[in-house]
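Peer 1:
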Amino acid sequence: MNRGPVDSGVPDRLYTITGGRSRVYESAFDLVTIVVAESEPALGMQSEHVRILRLCRRPTAVVELAANLRLPVGVVKILLGDLRDAGRISARHPRSASSGDRLPPPETLKKVLRALQNL
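According to our numbering, the sequence shown is numbered sequentially starting from 1235.
1) With a 10 Å radius around its C-beta and 16 neighbouring C-beta atoms as the bar for buried, classify residue 1322 as buried or exposed.
2) Short check: CB of residue 1265 to CB of residue 1301, under 8 Å?
3) Looking only at DSSP bridge pairs, what is residue 1325 linked to?
4) Apart from the five residues just before and just after residue 1270, which ones in its own chain have a Cβ nearer than 7 Å to its Cβ?
5) Which residue or residues does DSSP assign as beta-bridge partners of residue 1294?
6) Using the Cα positions of residue 1348 and residue 1297, report the straight-line distance between them to the nearest angstrom.
7) Buried or exposed, going by whether 16 or more other CB atoms sit within 10 Å of the CB of residue 1315?
8) For residue 1283, I'd like the list of residues in its chain whose CB is within less than 8 Å of its CB, leaving aside the five on either flank, ordered along the chain.
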């Protein structure tokens, strides 16, 4: 049966990934929130959670995660909430450049720009 481009099954997949949840009830994550894995993936974890933990072995922005996972940012925020509630990640907002800190290296800024362009 050919479903065609209109009915690709993507909404069903996203519904399954988030367990039917469609909103993050807390504004803990925005596009530039930096996420770091605090543990390794465990057996039986949802595959998207495993991928996030592997990607976050180094500090990674939410927008970068969404681009690498090829998932909408809202879905990624729900998954991040699950991992944060389980104590498997930590998240923080990057320091403001106005506080006298140096700007991120140009390579980091280029990666973020590429991730935004891929969304």
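Note that CB positions come from ideal geometry on N, CA and C, so glycine has one too. None of the values given here were measured: they were computed from a predicted structure.
Peer 2: From the atom records:
1) buried
2) no
3) 1269
4) 1290, 1293, 1323 and 1324
5) 1269
6) 10 Å
7) buried
8) 1275, 1313, 1316, 1317 and 1322
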